[in-house]
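K.L.:
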Amino acid sequence: MAETIKVLGQEAPLATTATDVYTVPSATSAVVSTIVIANRAATAGTFRLSVRPAGAAQANKHYVAYDIAIAANDSTTLTLGITLGAADVITAYCSSDNMSVNAFGTEIS
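With the sequence shown counted from 1, adding 58 to any position gets you our numbering.
#1: On a CA-only basis, which of GLY67, ALA99 and ARG98 is nearest VAL147? Give me that one, please.
#2: Check GLY143 in the structure and name its three-state DSSP category.
#3: Pop quiz: VAL122 and SER108 are said to be a contact at Cβ under 8 Å. What is the actual Cβ separation, rounded to whole angstroms?
#4: In or out: ALA127 buried (at least 16 other Cβ within 10 Å) or exposed?
#5: Just to confirm the assignment, what range does the beta strand (DSSP E) spanning VAL94 have?
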């Protein structure tokens, strides 16, 4: 099995729009070590993160963070160690379009 440490996904979601940050490729698993959410705005905001197994439709049980406050011009770092299988999806939802979401980890294929 090959392990590749990498940037798994980077997105700047539109305001109040669920946006897929990373989808695990077929025949691959992944370990997400860290997710960083940066608020580039001069005003505070909130974010949500969910993990959707096999690309399932969004449901309340998928959230790992929900309406978490993030200060103006600040960032939040989540060190999680989330394990994902093929077709699992990390989705972000931000209160403004001035946020960036970055996921870092390892793909195993």
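Even for Gly, the Cβ is constructed at its ideal location relative to N, Cα and C.
P.N.:
Concretely, from the data shown:
#1: As a first step, residue 147 must be located in the sequence shown, where it is residue number 89. Cα-wise, what sits closest to VAL147 is GLY67.
#2: As a position in the sequence shown, residue 143 is number 85, starting the count at 1. The answer is coil: DSSP assigns GLY143 none of H, G, I, E or B.
#3: Position 64 of the sequence shown, counted from the first residue, corresponds to residue 122. Position 50 of the sequence shown, counted from the first residue, corresponds to residue 108. Yes, they are in contact, since the Cβ atoms of VAL122 and SER108 sit about 7 Å apart, within 8 Å.
#4: Your numbering for residue 127 matches position 69 in the sequence shown. Classification for ALA127: exposed.
#5: Translated into positions along the sequence shown, residue 94 becomes position 36. VAL94: member of the beta strand (DSSP E) spanning 87–97, first to last residue.
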